[in-house]
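Here is the structure we will look at, set down as structure tokens.
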Amino acid sequence: AGEETQFIAYVAYPLDLFEEGSVTNMFTSIVGNVFGFKALRALRLEDLRIPPAYSKTFQGPPHGIQVERDKLNKYGRPLLGCTIKPKLGLSAKNYGRAVYECLRGGLDFT
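Residue numbers for the sequence shown follow the numbering used here, beginning at 14 and rising by one.
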């Protein structure tokens, strides 16, 4: 896939491994702590395909983005929800710098 030490792996999981309607369960099952494996120097997810039958189990939020924006009083820019984990690639110092730059640029962590 480029260099002799680079590879592409195609992985498929049976749907019965995943809890219906749970985006959290799906992403945790697929990615989990795989990015923390010491044996892997670099890893990235290139593509994720979710079968339509499984997608239909996601009910979506109970209300729209406008309700969230009203609750947070944040408008006109992206909202991001995440957990910052230095063990997943960058050093703590570099994560700190990335978060600082995001906040300085106006990003809201929610």
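Quick reminder that beta carbons are idealized off the backbone N, C-alpha and C, glycines included. Please read all numbers here as calculations on a predicted model, not as lab measurements.
Assign residue i to buried or exposed, taking buried as 16 or more other Cβ atoms, counted over all protein chains shown, within 10 Å of its Cβ.
i	result
residue 50	exposed
residue 31	buried
Roughly how many whole angstroms lie between the Cα atoms of residue i and residue j?
i	j	result
residue 61	residue 117	31 Å
residue 82	residue 120	13 Å
residue 44	residue 87	30 Å
residue 29	residue 73	20 Å
residue 17	residue 26	27 Å
residue 77	residue 24	33 Å
residue 42	residue 105	25 Å
residue 80	residue 36	21 Å
residue 114	residue 108	10 Å
Of all the alpha helix (DSSP H) runs that stay within the bounds of the region 41-121, which reach a length of 4 or more residues?
-> 65-68, 78-85 and 105-117
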